[in-house]
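Asks:
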Amino acid sequence: MRINKIKFSPAYYIIVISLQILPFALQAQQKISIDEAVQRAIVNHPAIKAADLQVEQQRQLQNSALNIANPELEYEKEKSSSYGLGVRQSFSFPTVYSAQSKLQKEKTRLSETQKNITINDLRRSVRESYIQAQYLDALVAEYKVQDSTYQRFSNAAKRQFDAGQIDFLQTTFAEAKASEIHNLYQKAQIENQYALESLRVLIGLKEKFDIEYISRISSQNLIDTTSIVNPVIAYYTQQAQVELSNLKLQRNKILPDLFVGYQKNSPFDTNAFSRFRAGLTIPLWFWQYSGNIKSANAGYKAAEQIGMSQKVTINAEFQQASGGVNSNLQLVEFYEKTGLLQATTIVNTASRLFTSGENDYVSFIRNLADAYAIRLRYLEALRDYNNSVTSLNTLIGR
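Residue 769 in this note's numbering is what sits at position 348 of the sequence shown, and the numbering runs on without skipping anything.
#1: Which runs of the alpha helix (DSSP H) fall wholly inside the segment 722-793 and span at least 4 residues, in chain order?
#2: Compute the Euclidean distance between the alpha carbons of residue 587 and residue 782, then round it to the nearest angstrom.
#3: Does residue 818 come out as helix, strand or coil in the three-state DSSP assignment?
#4: DSSP on residue 475, reduced to helix/strand/coil?
#5: Skipping 5 residues on each side, what residues in its chain have a beta carbon closer than 7 Å to that of residue 808?
#6: Just how far apart, CA to CA, sit residue 748 and residue 819?
#7: I believe residue 636 touches residue 745 by the beta-carbon criterion, under 8 Å. Please report the beta-carbon distance rounded to the nearest angstrom.
#8: Between the Cα of residue 815 and those of 539, 631, 671, spot the shortest distance and give me the residue it belongs to.
#9: Touch check for the segment 652-659 and the segment 597-614: three-plus C-beta pairs under 8 Å?
#10: For the segment 718-736 against the segment 790-799, do three or more pairs of beta-carbon atoms, one drawn from each stretch, fall closer than 8 Å, so that the two count as touching?
#11: Given a threshold of 16 other Cβ atoms within 10 Å of its Cβ, counted over all protein chains shown, does residue 379 qualify as buried or as exposed?
#12: For residue 622, list the residues DSSP reports as bridge partners.
#13: In terms of residue numbering, what span does the beta strand (DSSP E) encompassing residue 543 cover?
#14: Can you tell me where the beta strand (DSSP E) with residue 686 in it begins and where it stops?
#15: Going along the chain, which residues of its own chain have a beta-carbon closer than 7 Å to the beta-carbon of residue 541, five neighbours each way excluded?
#16: Any idea which residues DSSP pairs residue 512 with across the strands?
#17: Determine the burial state of residue 564: buried for a count of at least 16 other Cβ atoms within 10 Å of its Cβ, exposed for fewer.
#18: In terms of DSSP beta bridges, what is residue 695 paired with?
#19: In whole angstroms, what separates the C-alpha of residue 511 from that of residue 470?
#20: Report buried or exposed for residue 799, applying the criterion of at least 16 other Cβ atoms within 10 angstroms of its Cβ.
#21: Using CA atoms only, rank isn't needed, just tell me which of 759, 713, 765, 506 is closest to residue 493.
#22: Out of curiosity, what's the CA-to-CA distance linking residue 724 and residue 718?
#23: Measure the C-alpha to C-alpha separation of residue 533 and residue 473 and round it to an integer number of angstroms.
#24: Using only CA atoms, which one of 623, 585, 515, 477 lies nearest to residue 545?
#25: Given this structure, state the Cα-to-Cα distance separating residue 489 from residue 709, to the nearest angstrom.
#26: If you pair each beta-carbon of the segment 517-532 with each one of the segment 668-685, do three or more pairs fall below 8 Å?
#27: If you draw a straight line from the C-alpha of residue 731 to the C-alpha of residue 640, how long is it?
#28: For residue 669, report the span of its alpha helix (DSSP H) as first-last.
#29: Would you identify the three-state DSSP class for residue 601, choosing helix, strand or coil?
#30: Which term fits residue 591, buried or exposed, when burial requires 16 or more other beta carbons within 10 angstroms of its beta carbon?
#31: So residue 616 packs on residue 557, CB below 8 Å; how close in whole Å?
#32: Alpha carbon to alpha carbon, how far is residue 526 from residue 509?
#33: Between which two residues does the alpha helix (DSSP H) harbouring residue 462 extend?
#34: Going by CA-CA distance only, name the one from 786, 776, 802 that's closest to residue 752.
#35: To the nearest angstrom, how far is it from the Cα of residue 579 to the Cα of residue 768?
#36: Residue 632 and residue 555: beta carbons closer than 8 Å?
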């Protein structure tokens with residue numbers, strides 16, 4: 422049995438046309454790009470300021486690497502009119518001071534690599550937050566179109582049901598779909614507001630701002646595993662250098678300490694004379710030095726092994742992230758080359774069949790939902806691709 426044709430006003434055809442054109446561009450006030458968001462976060466975030474202070478703390482400690490002992494003043498009295506004044510200065514062996522200075526410089530470099538880790542982690546957090554906000558922004562735009570469309574069809578179905586043109590199932594189905602999409606639209610709006618606020622706090626801005634519409638992040642110039650400059654690997658490599666410098670310091674500490682002294686006797690003593698003294702200490706209790714050296718050597722070897730372990734882990738993560746970029750890119754390209762065109766074809770065909778009376782509300786809305794689902798999956802694929810590029814950039818330290 423052929424379904425009776427239903428006449429529609431010109432406004433209906435405007436609605437159908439609007440289904441085919443998703444506004445993949447939003448009106449914006451002042452937009453901040455993802456790179457600008459990262460740079461502002463690096464300037465404003467307390468974690469970076471704390472890392473700067475930790476670096477400065479280590480730099481200031483370089484001044485204490487030459488920790489020469491305080492001089493000793495001596496007073497000696499033999500008779501009522503005879504006394505002596507002297508001064509004595511002790512030193513560690515000169516190579517100890519150079520080793521201490523080297524160790525502190527390596528610790529300063531270690532704090533700098535720790536700062537690089539903090540920056541890298543912050544970059545990732547900002548990018549992921551920005552991408553999520555972009556996705557939700559696009560989702561709101563998509564659901565706004567759907568909400569308007571389904572509400573109009575629901576109202577039209579109700580009028581036609583009241584006029585006896587369609588049955589109860591069709592109007593109920595149209596109302597149910599309109600309610601579902603309206604709730605999803607409201608949910609997306611709330612999530613989008615929270616995502617933007619979270620991003621604003623993360624980058625440290627007081628004023629409100631807008632973001633760019635979601636698009637593909639460039640994956641060009643992503644390097645291979647042999648050229649990875651990962652901050653975590655750099656940190657553990659530097660940690661090994663710190664342990665090596667500490668080992669050299671402990672070995673130098675076994676060398677004897679030095680001292681020099683000068684004493685001037687009382688001028689009232691007819692036998693007064695001046696004395697100059699110099700000497701060195703004997704590292705007699707050698708076992709305490711041996712224990713420190715063995716401990717430092719174990720620390721150095723452990724740091725080397727941890728560094729090697731981190732390289733293996735990072736390289737494995739790099740391979741996984743590279744695969745994620747390629748697979749997500751393939752899916753995005755499918756939607757851009759084929760999927761979105763198929764969604765438009767579904768809408769056009771379903772609209773033609775509906776206006777000709779060959780399909781009812783139930784079939785038309787189902788076809789419409791299938792077309793919209795393709796567009797939603799495209800947004801998800803675009804978000805996942807951008808996140809995979811972000812993960813890869815994090816692994817290579819940029």
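Even glycine gets a Cβ: it sits at the ideal position worked out from N, Cα and C.
Replies: Taking the structure as given:
#1: Segments of the alpha helix (DSSP H) lying fully in the segment 722-793: 761-776.
#2: Sequence index remark: in the sequence shown, residue 587 carries index 166 (1-based). Sequence index remark: in the sequence shown, residue 782 carries index 361 (1-based). Rounded to the nearest whole angstrom, the C-alpha separation of residue 587 and residue 782 is 9 Å.
#3: One-based indexing of the sequence shown puts residue 818 at position 397. Here residue 818 sits in coil by DSSP.
#4: As a working mapping, residue 475 is identified with position 54 in the sequence shown. DSSP places residue 475 in helix when its eight states are reduced to three.
#5: For the purposes of this step, residue 808 is identified with residue 387 of the sequence shown, where counting begins at 1. Correct list, in chain order: 549, 552.
#6: As a position in the sequence shown, residue 748 is number 327, starting the count at 1. As a position in the sequence shown, residue 819 is number 398, starting the count at 1. Cα-Cα distance, rounded: 22 Å.
#7: Mapped onto the sequence shown, residue 636 falls at position 215. Mapped onto the sequence shown, residue 745 falls at position 324. Actually they do not touch by this definition, with Cβ atoms about 19 Å apart.
#8: On the sequence shown, residue 815 is found 394 positions in, with the first residue counted as 1. For residue 815, the nearest C-alpha among the options comes from 539.
#9: no
#10: In short, these stretches do not touch, since the Cβ pair count stays below three.
#11: Nothing can be reported for residue 379: it is not among the residues displayed for the chain, which extend from 422 to 819.
#12: By one-based count along the sequence shown, residue 622 stands at place 201. Partner(s): none; residue 622 has no beta bridge.
#13: The residue you call residue 543 lines up with position 122 of the sequence shown. Element bounds for residue 543: not the beta strand (DSSP E) but the alpha helix (DSSP H), 515-583.
#14: Translated into the one-based positions of the sequence shown, residue 686 becomes position 265. From DSSP, the beta strand (DSSP E) with residue 686 extends over 679-686.
#15: Counted from its first residue, the sequence shown places residue 541 at position 120. 652, 815, 818, listed in sequence order.
#16: Residue numbering aside, residue 512 sits at position 91 when the sequence shown is read from its first letter. Looking at the DSSP assignment, residue 512 forms a beta bridge with 679.
#17: Translated into the one-based positions of the sequence shown, residue 564 becomes position 143. Per the 10 Å Cβ criterion, buried.
#18: For the purposes of this step, residue 695 is taken as residue 274 along the sequence shown, with counting starting at 1. Note: residue 695 sits in a beta bridge opposite 685.
#19: Within the sequence shown, the letter at position 90 stands for residue 511. Within the sequence shown, the letter at position 49 stands for residue 470. Whole-angstrom Cα-Cα distance: 40 Å.
#20: For the purposes of this step, residue 799 is taken as residue 378 along the sequence shown, with counting starting at 1. When all chains shown are included, residue 799 counts as buried.
#21: Against the sequence shown, residue 493 aligns to sequence position 72. Residue 506 is the option with its Cα nearest to residue 493.
#22: Looking up residue 724 in the sequence shown gives position 303. Looking up residue 718 in the sequence shown gives position 297. Straight-line Cα distance between these residues: approximately 10 Å.
#23: In the sequence shown, counting from the first residue as 1, residue 533 sits at position 112. In the sequence shown, counting from the first residue as 1, residue 473 sits at position 52. So the two alpha carbons sit approximately 8 Å from each other.
#24: Sequence index remark: in the sequence shown, residue 545 carries index 124 (1-based). Per the C-alpha coordinates, the member of 623, 585, 515, 477 positioned closest to residue 545 is 623.
#25: Position 68 of the sequence shown holds residue 489. Position 288 of the sequence shown holds residue 709. Rounded to whole angstroms, residue 489 to residue 709 spans 22 Å at the Cα level.
#26: yes
#27: Here residue 731 refers to the residue found at position 310 of the sequence shown. Here residue 640 refers to the residue found at position 219 of the sequence shown. If I take the Cα positions, the gap works out to 24 Å.
#28: Here residue 669 refers to the residue found at position 248 when the sequence shown is read from its first residue. Residue 669: member of the alpha helix (DSSP H) spanning 652-673, first to last residue.
#29: On the sequence shown, position 180 is the one that residue 601 refers to. DSSP places residue 601 in helix when its eight states are reduced to three.
#30: The residue you call residue 591 lines up with position 170 of the sequence shown. So residue 591 counts as buried.
#31: To locate residue 616, count along the sequence shown from 1; it is residue 195. To locate residue 557, count along the sequence shown from 1; it is residue 136. 5 Å between Cβ atoms; contact.
#32: Within the sequence shown, the letter at position 105 stands for residue 526. Within the sequence shown, the letter at position 88 stands for residue 509. Going from the Cα of residue 526 to the Cα of residue 509 covers about 30 Å.
#33: As a working mapping, residue 462 is identified with position 41 in the sequence shown. 455-465 is the span of the alpha helix (DSSP H), which, as asked, contains residue 462.
#34: Stepping through the sequence shown from its first residue, residue 752 is reached at position 331. Looking at the Cα atoms, 802 is the closest of the given residues.
#35: Residue mapping note: residue 579 aligns to position 158 of the sequence shown, counting from 1. Residue mapping note: residue 768 aligns to position 347 of the sequence shown, counting from 1. Cα-Cα distance, rounded: 22 Å.
#36: Within the sequence shown, numbered from 1, the residue matching residue 632 stands at position 211. Within the sequence shown, numbered from 1, the residue matching residue 555 stands at position 134. Taking 8 Å as the Cβ cut-off, residue 632 and residue 555 qualify as a contacting pair.
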